[in-house]
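FYI, the numbering for the sequence shown is -21 to -1, 1 to 104, going by mature numbering (1 follows the signal peptide of the UniProt record, and there is no 0).
We put the CB at the ideal spot given by N, CA and C, even for glycine.
Remember, it's a predicted structure, so these values are computed and weren't measured experimentally.
See below for the structure under consideration.
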Amino acid sequence: MKLSKVIPALFHLSLSATCYAAKSFSASNLYYAAGLNTQQQTTLFQGLQSAGIKVLRVWLDGQSGSEKGTTLEDFNSLQGDSPDAWDDTVLSRLDNFMVHAHEYGIKLLVSVHSYPIECCKATVH
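Structure, rendered in structure tokens:
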């Protein structure tokens, strides 16, 4: 086989693999995910699924009130003001959220730290 035919074929295969790799991973962030009610979650997951999003990063920080026009169900941070102060409400909520996400083929990436929160207050660790 001539080299002039092999190089274009290899280039085409390489380009196809690159395009496939770019389409195979899409992600987003939602730091107040644990505060969404079931209907809000369904709306979120339907939108993410239709956009091809496969991964959603969430945080373990507390949230209350509303965020960007979305009313939230209040929950505390996982860790309070001391190393032995824990509230696992957010874990329970994220467990349920994860099961719901799985129904739409979406995986969660759980971040234990949130820069916006950590930059504004002292932490115990």
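Boundaries of the beta strand (DSSP E) around Ser90: 86 to 90. DSSP, read as helix, strand or coil, puts Phe76 in helix. CA-to-CA, the gap between Glu46 and His81 works out to about 24 Å. Scanning Ala6, Leu73, Gln58 for the CA closest to the CA of Asp66 turns up Gln58. For Phe24, the three-state secondary structure derived from DSSP is helix. Taking a C-beta distance under 8 Å as the contact criterion, Gly31 and Ser5 qualify as a contact pair. Residue pairing for Glu46: DSSP places it in a beta bridge opposite Thr49. Only residues of its own chain outside the window of five on either side were considered, and among them Phe24, Gln25, Leu27, Gln28 have a CB closer than 8 Å to the CB of Tyr83, listed in chain order.
Inter-residue distance for Thr17 and Ser56 is about 20 Å (C-alpha atoms, whole angstroms). For Gly14, the closest C-alpha among the options Leu35, Val34, Gly44, Lys33 is that of Gly44.
In this structure, DSSP gives Ala64 a state outside helix and strand, which the three-state scheme calls coil. Gly41 is the residue among Gly41, Val34, Asn8 whose C-alpha sits nearest the C-alpha of Leu70.
Distance from the Cα of Val37 is smallest, within the candidate group Val78, Asn8, Asp63, Ile85, for Asn8.
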